[in-house]
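When you line the sequence shown up against this note's numbering, it's residues 24 to 172, in that order. See below for the structure under consideration.
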Amino acid sequence: MERLTSFSLKNRFAIIIMIFLISVLGVYSGSKLPMEFLPSVDNPAITVTTMSQDLDAETMTKEVTEPLEKKLQNLEHVDTITSSTYEGLSRIDISYTSKANMKDATREVEKITNNVNFPKEITKPVVSQLNTSMIPLAQITIQKQTKNR
24 MERLTSFSLK NRFAIIIMIF LISVLGVYSG SKLPMEFLPS VDNPAITVTT
74 MSQDLDAETM TKEVTEPLEK KLQNLEHVDT ITSSTYEGLS RIDISYTSKA
124 NMKDATREVE KITNNVNFPK EITKPVVSQL NTSMIPLAQI TIQKQTKNR
């Protein structure tokens with residue numbers, strides 16, 4: 024250890040060159056690594072959301088949630104189906120096995136939900152699949168300070 028210290032003190036220029044070369048090599052190698060901060064991963068789940076301004080939770084269950092659940096029971100590669108119904112809102116979460124092709128599954132769910140007849144006060148069901156590419160990497164807020172008068 025003493026020899027390394029004395030060499031470093033006597034040959035400062037050589038040490039600076041070595042540090043520079045190691046740093047350049049590290050930056051170059053790091054830029055060539057095939058790596059993503061948040062890789063796009065398919066989440067094997069689909070959510071069907073249906074809304075209404077006027078209906079209570081019991082009516083939403085009878086008119087929306089139960090008919091949709093019955094139609095969605097026969098989908099392939101489904102692991103679980105869970106639903107939540109509130110006043111003016113029906114939400115059905117469909118979890119799939121890893122074998123499911125999520126693009127095909129989303130199309131199939133959209134096809135089924137478009138063929139269900141709902142009362143006119145019900146909005147068209149929204150079918151969505153969460154994907155990690157939908158998650159924001161950063162959120163920026165711009166705020167203006169105002170003086171109180």
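Just so it is clear, CB atoms sit at the ideal spot from N, CA and C, and this is done for glycine as well. Given the structure is predicted, the values throughout are model-derived calculations rather than measurements.
Put simply, the segment 143-154 touches the segment 68-76. At least three CB pairs are less than 8 Å apart. Here residue 76 is near residue 144, since their CB atoms are less than 8 Å apart. Put simply, the segment 80-98 does not touch the segment 24-38. Fewer than three CB pairs are less than 8 Å apart. Relative to the Cα of residue 91, the nearest Cα in the group 102, 170 and 136 belongs to 136. Contact between the segment 44-56 and the segment 127-141 is absent, with fewer than three C-beta pairs closer than 8 Å. Inclusion of residue 99 and residue 80 in the CB contact set at 8 Å is not warranted, their separation being larger than that value. When the Cα atoms are used, residue 115 and residue 123 turn out to be separated by approximately 18 Å. Collapsing the DSSP output to three states places residue 102 in a strand. Distance from the CA of residue 113 to the CA of residue 102, rounded to the nearest whole angstrom, comes to 20 Å. According to DSSP, residue 42 shares a beta bridge with no other residue.
Distance from the Cα of residue 107 is smallest, within the candidate group 39, 73 and 27, for 73. According to DSSP, residue 108 shares a beta bridge with 113. Our two residues, residue 54 and residue 43, have alpha carbons roughly 17 Å apart in a direct line.
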